[in-house]
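Right under this line is the structure:
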């Protein structure tokens, strides 16, 4: 799509990132620890709850291929928001998981693809009438809406849920921030984080490691729980 | 997805691009003209024919939004290859167009998403069993295959059809090159070109205009017909 870029500046001119870096610097002396233990994949909240419908993974096979899929998350409350849709092979799985929640694809108001990789945007077509946000592009049907995500500004869905720009893994990634859950603030982060302890791998997978590192640090300052793209959700402890 | 990047180098280290630049330089004195006239959207060929199932568009609306969709192309011959799938709203349209051709989604062996924007990869989920190529990621089910696209190497489907790396619009775009049609070599180019005469707009839509410009020049040297992402196909005249 062409539209959004007409109002988009390159992400390294982001106001948000500049603010975030400042915050990260201010918090540089705080000790941050990440932990997977003791967290359920169903986080209740008021007004929004967050469920991991499928936990992403990435495993090397002996034949040189990799098995991989992206995490699929559902946010339920005043509206229903799906974050990432898995790969094309997840179509029937995704419909079945929604049904378990008492939902059909038609009940999903907003679908967010954190970035345009095939294991995250494989099933956008299940939601032809939803608001679709993929990276910095926001569309309803074939109508693309102006926004400032690629200029570094959040796109609020309401007072509790916002789409925020977190580029680096690709050029225009976004994450979804949910406030007010029983675990505090949850960030559904796509591949900003591969998994809890991904220090061995994330840079090799990044189109822009420097920008991604800035956004990872920002995320660790604002989120109590992070749902990564290819592993279990984890808690952030700031001490 | 994480896998491909383990074997991928940043596109500006591309061997292919370096070779292409050299070729472009060698051909710098050749006059190139582009023209939309006199071309059918159905190009026959041996062994492969190319059809434009939907011509992409991008039009500004008076309310500040844009109406946009990506071109959907079908390559038929020894195997059936779909290049780009339109936006999520195109699901029923795409199934109907395939049916007009005597095909079901199950008949499509390979689906290429030239890049991960929502108006190009909206219907990957119609093809859960196909080989899926989105940008530099190649998968069959959740198994991701090693390849060198992001290092600048083509990914040949057979002697007549190749996926070639053409980044710039996004970080890891690809195009599909079809040799041996009645119009010569056809390049299904995604948003490498918005339309025939897009000099007023393509750079604003580009994540990396310098790299995209190199790949545009390369494309104009190797293709006789280009199918762009948001306008009618056009002929390239080299004189």
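Chains as they are written, first to last, in the UniProt record's numbering: chain Z, 1 to 239; chain D, 1 to 239. The beta carbon of each residue, even a glycine, is placed where N, CA and C say it ideally should be.
Same chain, Cβ closer than 6 angstroms to residue i, neighbours up to 5 away in sequence not counted
i	result
residue 184 of chain D	224
residue 111 of chain Z	82, 127, 130 and 132
residue 239 of chain D	31
residue 222 of chain Z	none
residue 62 of chain Z	none
residue 147 of chain Z	138 and 155
8 angstroms Cβ cutoff met for residue i and residue j
i	j	result
residue 175 of chain D	residue 118 of chain Z	no
residue 81 of chain Z	residue 157 of chain Z	yes
residue 108 of chain D	residue 127 of chain D	yes
residue 67 of chain D	residue 143 of chain Z	yes
residue 98 of chain Z	residue 113 of chain Z	no
residue 39 of chain Z	residue 235 of chain Z	yes
residue 64 of chain D	residue 230 of chain D	no
residue 35 of chain D	residue 233 of chain D	no
residue 170 of chain D	residue 207 of chain D	yes
residue 168 of chain Z	residue 105 of chain Z	no
Of the listed residues the options, nearest to residue i (C-alpha basis)
i	options	result
residue 72 of chain D	D/54, D/179 and D/58	D/54
residue 172 of chain Z	Z/182, Z/162, Z/149 and Z/214	Z/149
residue 141 of chain Z	D/135, D/103 and D/88	D/88
residue 44 of chain Z	Z/186, Z/237 and Z/136	Z/186
residue 79 of chain Z	Z/227, Z/228, Z/95 and Z/46	Z/46
Distance, residue j Cα to residue i Cα
i	j	result
residue 219 of chain D	residue 86 of chain D	22 angstroms
residue 130 of chain D	residue 52 of chain D	20 angstroms
residue 50 of chain D	residue 77 of chain Z	47 angstroms
residue 181 of chain D	residue 37 of chain Z	59 angstroms
residue 211 of chain Z	residue 160 of chain Z	26 angstroms
residue 243 of chain Z	residue 122 of chain Z	As displayed, chain Z neither begins before 1 nor continues past 239, which places residue 243 of chain Z out of reach and without an answer.
residue 214 of chain D	residue 197 of chain D	17 angstroms
residue 56 of chain D	residue 201 of chain D	15 angstroms
residue 179 of chain Z	residue 152 of chain D	43 angstroms
residue 145 of chain D	residue 217 of chain Z	32 angstroms
residue 136 of chain Z	residue 84 of chain Z	14 angstroms
residue 228 of chain D	residue 95 of chain Z	34 angstroms
residue 102 of chain Z	residue 237 of chain D	58 angstroms
residue 90 of chain D	residue 199 of chain D	28 angstroms
residue 226 of chain Z	residue 134 of chain D	27 angstroms
residue 33 of chain D	residue 48 of chain D	26 angstroms
Other residues of its chain near residue i: CB distance less than 8 angstroms, five sequence neighbours each side excluded
i	result
residue 154 of chain D	16, 162, 163, 164, 165 and 177
residue 59 of chain Z	66, 67 and 68
heavy atom of the ligand FMN below 7 angstroms from residue i C-beta
i	result
residue 212 of chain D	In the structure on display, the ligand FMN does not appear, and there are no ligands present to speak of.
Nonlocal neighbours in the same chain, by C-beta distance under 7 angstroms from residue i, ignoring five residues either side
i	result
residue 21 of chain Z	Per-residue confidence for residue 21 of chain Z stands at a pLDDT of 49, beneath the threshold of 50, marking its modelled position as unreliable; the derived number appears in the next sentence. Only 214 meet the Cβ criterion.
query = Between the region 188–199 of chain D and the region 112–130 of chain D, are three or more C-beta pairs nearer than 8 angstroms?
reply = yes
inquiry  = Against chain C, which members of the region 62–81 of chain D pass a CB distance test of less than 8 angstroms?
reply    = Here the protein chains are Z and D, and chain C is not one of them.
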